[in-house]
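Undergrad:
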Amino acid sequence: MWYVLYDYKLGWGKTNNYVAIQWGLNGDIPVSADYDGNGISQISVWRPSNGSWYIRTSISNSNYYVLQWGLQNDTPFPADYDDDGIVDLAVWRVSGLSYYFVPSSGECPNGSHTHWIGCEVIL
Ligand SMILES: [Ca+2]
Numbered sequence: 001m002w003y004v005l006y007d008y009k010l011g012w013g014k015t016n017n018y019v020a021i022q023w024g025l026n027g028d029i030p031v032s033a034d035y036d037g038n039g040i041s042q043i044s045v046w047r048p049s050n051g052s053w054y055i056r057t058s059i060s061n062s063n064y065y066v067l068q069w070g071l072q073n074d075t076p077f078p079a080d081y082d083d084d085g086i087v088d089l090a091v092w093r094v095s096g097l098s099y100y101f102v103p104s105s106g107e108c109p110n111g112s113h114t115h116w117i118g119c120e121v122i123l
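Note that the numbering used here numbers the sequence shown so that position 49 is 49, with each residue one more than the last.
(1) Are the beta-carbon atoms of W46 and P76 separated by less than 8 Å?
(2) Would you mind working out which of W69, Y35, N16 sits nearest T57, comparing C-alpha positions?
(3) Please indicate yes or no: does the CB of P78 lie closer than 7 Å to some heavy atom of ligand 1?
(4) Could you compute how far the alpha carbon of Y54 sits from the alpha carbon of T114?
(5) Distance, Cα to Cα, A90 vs I40?
(6) Rounded to the nearest angstrom, what separates V4 and S60 at their Cα positions?
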């Protein structure tokens, strides 16, 4: 269950300053971030059992999309790897000392190379 606080200055327990949203399953990892660059984080989870990202497009409705990116033993590590100001889906794979991300710009930055629908960086 997610409890999203709209106005932290009001504090918990005040009327209408938070909303409770059921999103994700037991074992999911919270990975909320601003994946579309609109300045608002999307409620999101990464599911280790299938390597999929479940990203809600809005707090106010239940629209969402799913993208499979990552494998069971990966660790989700979203950040802006292509430096375009928009957070990219990413996982860290300790077995290969590498990480994989889907660049929001559509271009793999220097130091990475194309891997399936995204980019790979081997450390
Ligand atoms: Ca990006």
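In this text, a Cβ means the ideal position worked out from N, Cα and C, and glycines have one as well.
TA: Let's see:
(1) yes
(2) Y35
(3) no
(4) 23 Å
(5) Here the C-alpha atom of A90 lies approximately 19 Å from the C-alpha atom of I40.
(6) 11 Å
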